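Shown next, in structure tokens, is the structure this report addresses.
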Amino acid sequence: MSDGVSVILPTYNRCTLLQETLESVLAQSLQPAEIIVVDDCSPDDTVEMLATYGDKLRLITKQSNQGKAHSINLALSECQHPLVWIVDDDDLMHPDALQTLTNLLQHNPEAGFAHGRHVRFSIDNAGNRQEWDTGYWTECASEEFLVRTMEDFFVHQPGMIFKRALVDQSGPLNENLVRSQDYDFLIRLARVASGVGTQDVIFFQRQHDGLRGTKENSFSATERDKKWMEYDQKIFRALRDDMDLSEFLPSGEQIQSPTDKRRALLQRGVIMGRKKLWDLAIQDFSDAASLGDAPLSDAETLTLSRAFSSKYGCEEIFDGSFPIAEYKQIFASAPLGPEICRSLSNGLRWRIREALFKGKITRAFLYSRFMLALRRAR
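Structure representation (structure tokens):
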């Protein structure tokens with residue numbers, strides 16, 4: 001048994017799935033020191049089912065539905081051990097998950113959290129389990145984890161453990177967020193501590209059509225991308241105001257020259273663009289265009305090429321919401337505006353190839369036309 005890991009398992013109205021999740025936690029090759037389940041006033045048989053586990057877990061029942069973030073914060077205040085593992089109530093843990101993550105921290109004591117990959121799965125109508133890949137995932141050095149996480153969320157709570165003491169620096173989960181609370185929390189953890197990662201699979205992420213959110217603000221799986229984007233935008237508008245510009249450089253680096261400032265502005269602009277906050281992105285790109293005498297570095301052009309690679313797609317290209325008139329300001333910015341525009345447009349090559357591979361010829365044509373428009377924005 002681990003004498004240092006508290007498992008937090010928030011749940012709402014998922015009795016059957018929760019039981020499968022709980023069994024996967026109890027089947028760990030390295031047993032956690034405690035399991036805290038917080039029931040968010042479920043109307044189903046969750047409490048009765050959990051009662052059958054006796055002293056294998058600690059159950060906290062809430063008298064009103066207050067959301068997942070509130071449940072996690074409540075459990076964080078009750079944790080009795082220095083490491084925390086937050087597990088979702090519909091996923092399944094790899095049998096060696098806890099052993100793998102604790103080993104990472106033991107061998108990297110300077111790290112504040114450890115993380116690994118997940119595999120997506122679903123259960124069809126016949127009860128057969130189907131697995132496929134991780135989906136969006138990026139491999140990056142520890143010092144790049146914060147900026148790459150801000151580009152897109154790829155490490156999920158069941159795939160990581162963290163030191164409980166970090167919460168004193170990062171703050172608890174934001175209970176005003178119905179969605180993306182875990183994303184916001186991970187960014188704040190990564191701002192105060194470094195992490196260590198592995199390519200090993202830590203958990204299996206269930207894909208299903210059940211409702212998400214709180215009782216008063218629930219939504220279906222088909223609505224989830226819109227909800228994620230809505231709340232991601234709230235988070236990143238606030239982060240842009242709160243974060244020092246140097247935090248958009250690899251961890252530990254400071255802005256000591258105009259070129260450093262340019263690099264940070266370009267990275268922040270790419271992050272804002274991926275969140276569809278193009279007004280803020282264009283402002284950063286325009287400001288960066290006048291900084292530094294040297295042409296863009298290979299690292300800067302690579303960063304810019306990721307601006308249109310959001311996992312949420314590029315629908316702004318097709319629905320007319322992309323601010324092309326404002327974008328032209330970048331092209332007009334001396335001396336690097338045209339070079340920045342070309343580097344941004346290069347990222348659409350991947351979109352074109354993907355569309356062609358899927359047989360979406362019209363979409364590939366529209367991507368190509370838009371790419372040319374970006375390169376010639378006068």
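Everything in the sequence shown is counted per UniProt numbering, starting at 1 for the first residue and increasing by one.
The C-beta atom is built at its ideal place from N, Cα and C for all residues, glycine as well.
None of these values were measured; they are calculated from a predicted model.
Nearest neighbour of Asp89 by Cα position, chosen from Ala27, Leu9, Thr134 and Leu105, turns out to be Leu9. Residue range Arg58 to Thr61 is occupied by the beta strand (DSSP E) that includes Ile60. With at least 16 other beta carbons inside 10 angstroms of its own, Asn73 counts as buried. Counting every other CB atom within 10 Å of its CB across the protein chains shown gives His107 a total below 16, marking it as exposed. Asp284 and Leu245 have their C-alpha atoms roughly 11 angstroms apart.
In the structure shown, Arg117 falls within a strand segment according to DSSP collapsed to helix, strand and coil. Boundaries of the alpha helix (DSSP H) harbouring Trp350: Leu348 to Phe357, taken from the DSSP string. By the neighbour-count definition (other C-beta atoms within 10 Å, threshold 16), Thr11 is a buried residue. Residue pairing by DSSP puts Pro10 in a beta bridge opposite Val38. Leu277 sits in coil when the DSSP states are folded into three classes, being neither helix nor strand.
In its chain, beyond the 5 residues on either side, Asp39 and Val47 have a beta carbon closer than 7 angstroms to the beta carbon of Thr61. Excluding residues up to 5 positions away in sequence, Leu265 lie with their Cβ nearer than 6 angstroms to the Cβ of Asp287 in the same chain. In summary, Gly252 is exposed, with fewer than 16 beta-carbon neighbours lying within 10 Å of its beta-carbon over all protein chains present. A distance below 6 angstroms between beta-carbons, with the five flanking residues on each side excluded, links Lys275 to the following residues of its chain, in chain order: Asp232, Gln233 and Phe236. The C-beta separation of Ile324 from Ile340 comes to about 15 angstroms, leaving the pair out of contact by the 8 angstroms criterion. Between the stretch 354 to 372 and the stretch 331 to 338 there are fewer than three C-beta pairs closer than 8 angstroms, too few to call the two in contact.
Here Leu104 really is in contact with Val196; their C-beta atoms are around 5 angstroms apart, less than 8 angstroms. Under the 8 angstroms Cβ criterion, the stretch 117 to 124 counts as touching the stretch 198 to 205, having at least three qualifying pairs. Closest by C-alpha distance to Met371, out of Lys358, Asp319, Phe308 and Gly313, is Phe308. Taking Asn174 as the centre and dropping the five residues before and after it, the same chain places the C-beta of Ala69, Gln181 and Asp184 closer than 7 angstroms to its C-beta, in chain order.
Cα atoms of Phe113 and Arg148: separation of roughly 16 angstroms, rounded to the nearest angstrom.
The straight-line gap separating the alpha-carbon atoms of Leu22 and Phe203 is approximately 13 angstroms. For Thr301, the enclosing alpha helix (DSSP H) covers residues Asp298 to Leu304. In chain order, Pro95, Asp96 and Gln99 place their CB closer than 7 angstroms to the CB of Ser29, counting only its own chain and leaving out the 5 sequence neighbours on each side. With fewer than 16 neighbouring CB atoms inside 10 Å of its own CB, Phe365 falls in the exposed class.
Rounded to the nearest whole angstrom, the C-alpha separation of Arg191 and Arg164 is 15 angstroms. In the three-state DSSP reduction, Ile255 falls in the coil class, being neither helix nor strand.
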